[in-house]
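Input: a single structure, listed below in structure tokens.
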Amino acid sequence: MVYSPLIKSIAFVLLSFVAGLILMFIQLPPRFEWLQPQWLVLILFCMALTKPLYVNVGIAWFIGIFLDVMYNAPIGENALALVLMTYLLIKFRQKTLQLGLLGSSLVIFVLIIFYQFLIFLMF
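In the numbering used here, the protein residues as written are 751 to 873.
Have a look at this one:
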């Protein structure tokens with residue numbers, strides 16, 4: 751059976767988010783809890799950078815609402831921060847992709863730091 755590239759891309763994005771959700775529930779020993787990344791945020795930023803037609807600000811909003819419910823945070827806190835960071839990433843996507851793999855990774859790292867800082871400011 752032949753699948754279209756559209757179906758393959760959508761399936762890849764959905765499976766990536768499901769894998770990120772599963773990875774978020776893996777518990778590390780108490781000494782290493784600070785090492786566990788926020789997988790859904792990381793996957794969201796990587797997918798927004800590589801597949802902007804499928805992952806955009808609307809998907810960031812839904813993932814943010816999901817994270818608000820999961821973390822028992824005020825509704826809209828994670829959603830607002832994710833929407834802002836995803837918008838910045840999509841706006842400067844072409845410049846970010848020109849930096850190569852290391853530069854793109856650094857940009858995503860800085861966006862995650864800003865995301866955490868926004869959450870800190872809103873709390």
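Here a beta-carbon is modelled for each residue, glycine too, at the ideal position from N, C-alpha and C.
- Message: LEU847 and LEU861 - do their beta-carbons sit closer together than 7 angstroms?
- Response: no
- Item | Where PHE842 sits in the DSSP three-state scheme | Here DSSP, grouped into helix, strand and coil, assigns PHE842 to coil.
- Query: Roughly how many angstroms lie between the CA atoms of LEU799 and PRO780, to the nearest whole one?
  - Reply: 33 angstroms
- Item | Within the region 761 to 802, ranges of the beta strand (DSSP E) (whole runs, at least 3 residues) | none
- Query: Under the rule that 16 or more other beta-carbon atoms within 10 Å means buried, what is TYR753, buried or exposed?
  - Reply: exposed
- Item | Chain-order list of residues whose beta-carbon lies under 8 angstroms from that of LEU856 (same chain, five-residue window excluded) | LEU849
- Item | GLY770 versus PHE873: straight-line alpha-carbon distance, rounded | 25 angstroms
- Can the beta-carbon of MET835 be found less than 7 angstroms from the beta-carbon of TYR865? yes
- Item | Of the listed residues TYR837, GLY853 and LEU832, nearest to PHE867 (C-alpha basis) | LEU832
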